[in-house]
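J.:
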Amino acid sequence: MTQVYEPASRPDKSAYEIEGQGWVLFCGIMILLVGVMNVIYGIAAIDKSTFFVQDAKYVFAELNTWGWVLLVVGAVQVVAAFGIWARRGWGRWIGIISASGNAVIQLLFIASFPLASVALFAVDVLIIYGLASWDHRDPS
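Under this note's numbering, the residue at position 82 of the sequence shown is numbered 104, and the numbers go up by one with no gaps.
(1) Determine the burial state of tryptophan 156: buried for a count of at least 16 other Cβ atoms within 10 Å of its Cβ, exposed for fewer.
(2) Can you give, in chain order, each stretch of the alpha helix (DSSP H) that sits fully within the stretch 121–158 and has at least 4 residues?
(3) Alpha carbon to alpha carbon, what distance is there between glutamine 128 and glutamate 84?
(4) With H, G and I counted as helix, E and B as strand and the rest as coil, what does DSSP make of arginine 109?
(5) With three or more beta-carbon pairs closer than 8 Å as the criterion, would you say the stretch 106–118 touches the stretch 59–66?
(6) Just tell me which of Ala141, Ile62, Val100 has its CA closest to the CA of glycine 89.
(7) Do alanine 121 and glycine 113 have their C-beta atoms within less than 7 Å of each other?
(8) By Cβ distance, which residues of its chain are closer than 7 Å to isoleucine 118, with the 5 residues on each side in sequence left out?
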């Protein structure tokens with residue numbers, strides 16, 4: 023008896039679009055939230071606000087420099103959020119790169135606001151996981 027192999031049917035486009043929708047929405051919202059927070063924290067750091075721990079020692083540079091870095095990374099993350107929601111490949115990669123960079127920055131910036139840095143680091147890890155596991159290619 024000969025066994026005939028029948029390939030599994032490919033999901034139609036509507037099933038494919040629904041499959042990763044939750045992670046895409048989550049990552050877009052989280053990277054927008056982190057980006058807005060980075061912009062606010064960056065402006066506060068540039069202004070040398072009293073929100074930050076006074077006389078903190080940084081690995082590199084000073085508070086003003088880190089403020090500009092946070093401001094730029096935050097702006098990039100806000101742009102990436104819209105690319106992620108539009109399911110563009112560039113949005114995914116900019117999101118992964120900016121979340122990775124922000125995770126490193128938050129660890130280096132931990133002397134200024136420890137609890138917020140650890141929380142933003144954890145959210146960045148979730149964003150990286152969600153965007154790395156989402157396949158944006160069309161299966162057909």
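Virtual Cβ for every residue (Gly too), placed ideally from N, Cα, C. Only a predicted model underlies this, so the values are computations on that prediction, with no experimental measurement involved.
T.: Judging by the given coordinates:
(1) As a first step, residue 156 is located in the sequence shown; it is residue number 134 there, counting from the start. When all chains shown are included, tryptophan 156 counts as buried.
(2) 136–155
(3) Counting from 1 along the sequence shown, the entry for residue 84 is found at position 62. Counting from 1 along the sequence shown, the entry for residue 128 is found at position 106. Their backbone Cα atoms lie some 14 Å apart in a straight line.
(4) Numbered from 1 along the sequence shown, position 87 holds the residue referred to as residue 109. In the structure shown, arginine 109 sits in coil (DSSP, three-state: anything other than H, G, I, E or B).
(5) no
(6) Here residue 89 refers to the residue found at position 67 when the sequence shown is read from its first residue. The residue with the shortest Cα to Cα distance from glycine 89 is Ile62.
(7) The residue you call residue 121 lines up with position 99 of the sequence shown. The residue you call residue 113 lines up with position 91 of the sequence shown. Contact: no.
(8) What you label residue 118 is simply residue 96 of the sequence shown in a count that begins at 1. So the qualifying residues of the chain are Ile150, Leu153, Ala154.
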